[in-house]
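One structure is given below, encoded as structure tokens.
Number of protein chains: 2
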Amino acid sequence: MNQEQKIFKEFLQKKGLKLTKPRQIILEEVFLTHKHFNVDQLYDQIKIKYSNVSRATIYRTMPLLIEASLIKNALRCEAKDHYEHIYGHERHLHLICNKCGTIIEAEISDMEQLLNQIAETKKFHIEDYNVGARGVCVNCLKDGTNSNE
Amino acid sequence: MNQEQKIFKEFLQKKGLKLTKPRQIILEEVFLTHKHFNVDQLYDQIKIKYSNVSRATIYRTMPLLIEASLIKNALRCEAKDHYEHIYGHERHLHLICNKCGTIIEAEISDMEQLLNQIAETKKFHIEDYNVGARGVCVNCLKDGTNSNE
DNA sequence: GGTGATACTGAGAATTAGTCGCAAAATAAA
DNA sequence: TTTATTTTGCGACTAATTCTCAGTATCACC
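Keeping their order, the protein sequence lines are chains A and B. So the first sequence is numbered by the working numbering: it starts at 6 and just counts up by one. So the second sequence is numbered by the working numbering: it starts at 6 and just counts up by one.
Below you can see the structure in the form of structure tokens.
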């Protein structure tokens, strides 16, 4: 059992919940890819490999993974929530291209200190944060064509 | 006619559109409050004061106001998009309390330079950005009670 | 290995923010 | 006023997410 599984199992046990097969499958699949994902993509991936885990179960598992600090709700794109794992990963910034929809990730580096400084002035305790920017990516800047529309 | 109206009217004219009464009402109401809002709240406010502007019209007007750089889609809370006006306002950071749902605004100060530096390394051109943090606000930190649940 | 209490699941119904189509109404120019 | 065009409100629609519920798995305890 790997680290994520341990963490998740402990978390569940503390809440009197169980690490069932569907939950294991979801967890495994979530940590298999290193990019953000939405429930639909996850559902499709799982459907290919394993028998079936219903969408409802996936939707129900996301908040658990979030509460266990394994993943976070990172951004919203095309009217869908997108998640990404936190565990074992640096936080990063999302640059979303308004033309082609590409999502570029960039390091956040000093952002965190800055945010904490700001929060301190409001006596706010930050647990999680998101930084997202929208604009135009290199490709779209270059050729001016909209690869999307 | 105030500045916002001028800007909006010019913007609309450039696109061959008109500053109609519903659009005026929406614009006015949007700039009346200095906090973020969602379509529902806007709809309710308008319904109290004026006869009626349909939800559809409000939904249709938001993208126009955004394109005119008068407002922006600032954050998502309780599964709803929230907007805020940009015109005449500094950009700011949103601190959303996970316990009571309060949204605190804070100055962003040096954030913008930092973001642009980062974007540059990816040759990305930023048009808009959002910074949001979640955590616990002073009040909830203090008394430990959930003023929300 | 049964048994009972409880948690979990899948399927599909329900909900809800947001969009769309359309016929009627407003607009603005001629 | 006429005409061409844009808008509007209404209600139907879409799609993501949540909920319900009846059946199933799990696990502690016998």
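Even for Gly, the Cβ is constructed at its ideal location relative to N, Cα and C.
- Item | Proximity of G140 of chain B and C102 of chain B at Cβ, strictly below 9 Å | On the second sequence, position 135 is the one that residue 140 of chain B refers to. On the second sequence, position 97 is the one that residue 102 of chain B refers to. Note that the C-beta distance between G140 of chain B and C102 of chain B is below 9 Å.
- the segment 118-127 of chain B touching the segment 109-118 of chain A, judged by at least three CB pairs closer than 8 Å: Yes: at least three Cβ pairs fall under 8 Å.
- Task: Would you give the residue range spanned by the alpha helix (DSSP H) that L17 of chain B belongs to?
- Result: One-based indexing of the second sequence puts residue 17 of chain B at position 12. Run containing L17 of chain B: Q8 to K19, per the alpha helix (DSSP H) assignment.
- Message: So for A3 of chain B, helix, strand or coil by DSSP?
- Response: Residue 3 of chain B is absent from the structure shown; chain B starts at 6 and stops at 154.
- Buried or exposed by the 16-neighbour rule on C-beta atoms within 10 Å, applied to T25 of chain A: The residue labelled residue 25 of chain A in the question sits at position 20 within the first sequence. Classification for T25 of chain A: exposed.
- Contact check, E132 of chain B vs L75 of chain B under 8 Å by CB: the rounded distance? Here the question's residue 132 of chain B lines up with position 127 in the second sequence. Here the question's residue 75 of chain B lines up with position 70 in the second sequence. Actually they do not touch by this definition, with Cβ atoms about 15 Å apart.
- Query: Is there a Cβ from chain B that is less than 9 Å from the Cβ of G137 of chain A?
  - Reply: As a working note, residue 137 of chain A is residue 132 in the first sequence. The Cβ of G137 of chain A sits closer than 9 Å to at least one Cβ of chain B.
- Query: Are H39 of chain A and H90 of chain A close, meaning C-beta to C-beta below 9 Å?
  - Reply: Your numbering for residue 39 of chain A matches position 34 in the first sequence. Your numbering for residue 90 of chain A matches position 85 in the first sequence. Between H39 of chain A and H90 of chain A, the C-beta gap is smaller than 9 Å, which places the two residues in contact.
- Query: What do you reckon, are the CB atoms on I109 of chain B and C145 of chain B nearer than 9 Å?
  - Reply: As a working mapping, residue 109 of chain B is identified with position 104 in the second sequence. As a working mapping, residue 145 of chain B is identified with position 140 in the second sequence. At a Cβ-Cβ threshold of 9 Å, I109 of chain B and C145 of chain B do not count as neighbours.
- Proximity test, Cβ basis, 9 Å: Y134 of chain B and chain A: Numbered from 1 along the second sequence, position 129 holds the residue referred to as residue 134 of chain B. Judged by the 9 Å Cβ criterion, Y134 of chain B is in contact with chain A.
- Item | Residue of A:L32, A:K20 and A:G21 minimising C-alpha distance to M6 of chain A | Residue numbering aside, residue 6 of chain A sits at position 1 when the first sequence is read from its first letter. Measuring from the Cα of M6 of chain A, the nearest candidate turns out to be A:L32.
- Give a yes or no on contact between the segment 58-65 of chain B and the segment 80-89 of chain B, applying the rule of three or more CB pairs nearer than 8 Å. No, the segment 58-65 of chain B does not touch the segment 80-89 of chain B.
- Message: Against chain B, does F16 of chain A count as a neighbour if the rule is that its beta carbon must be under 9 Å from one of theirs?
- Response: Locating residue 16 of chain A in the first sequence gives position 11, counting from the first residue. It does not: the Cβ of F16 of chain A has no partner Cβ on chain B nearer than 9 Å.
- Query: For R139 of chain A, which beta-bridge partners are listed by DSSP?
  - Reply: What you label residue 139 of chain A is simply residue 134 of the first sequence in a count that begins at 1. In the DSSP assignment, R139 of chain A forms a beta bridge with A:I101 and B:D133.
- Alpha carbon to alpha carbon, how far is H94 of chain B from Y134 of chain B? Indexing the second sequence from 1 puts residue 94 of chain B at position 89. Indexing the second sequence from 1 puts residue 134 of chain B at position 129. Each residue's alpha carbon lies about 14 Å from the other.
- Item | Partner residues on chain A for G140 of chain B, Cβ-Cβ distance less than 9 Å | Within the second sequence, numbered from 1, the residue matching residue 140 of chain B stands at position 135. Ordered by position in chain A, the residues that pass the 9 Å Cβ test against G140 of chain B are A124, F129, H130, I131, E132, D133 and Y134.
- Following the continuous beta strand (DSSP E) through Y92 of chain A, name the residue where it begins and the one where it ends. For the purposes of this step, residue 92 of chain A is taken as the residue at position 87 of the first sequence. Unbroken run through Y92 of chain A: none, as it is neither H nor E.
- Give the residues of chain B in contact with M67 of chain A, contact being defined as C-beta atoms less than 8 Å apart. Residue mapping note: residue 67 of chain A aligns to position 62 of the first sequence, counting from 1. Against chain B, a Cβ distance below 8 Å from M67 of chain A picks out nothing, because the smallest value is about 14 Å.
- Compile a chain-ordered list of the residues in the segment 18-45 of chain B whose CB is closer than 7 Å to at least one CB of chain A. When C-beta distances to chain A are compared with 7 Å, every residue of the segment 18-45 of chain B stays at or above that value.
- alpha helix (DSSP H) containing A124 of chain B: first to last residue? Residue numbering aside, residue 124 of chain B sits at position 119 when the second sequence is read from its first letter. Bounds of the alpha helix (DSSP H) holding A124 of chain B are M116 to T126.
- Task: Use the C-beta contact count for K77 of chain A: other C-beta atoms within 10 angstroms, 16 or more gives buried, fewer gives exposed.
- Result: Mapped onto the first sequence, residue 77 of chain A falls at position 72. Buried.
- Query: How many Å lie between R3 of chain A and Q29 of chain B at the Cα?
  - Reply: The question about residue 3 of chain A has no answer, for chain A in this structure spans 6 to 154.
- Beta carbon of L37 of chain A nearer than 9 Å to that of L69 of chain A: The count along the first sequence starts at 1 and reaches residue 37 of chain A at position 32. The count along the first sequence starts at 1 and reaches residue 69 of chain A at position 64. Contact flag unset, no.
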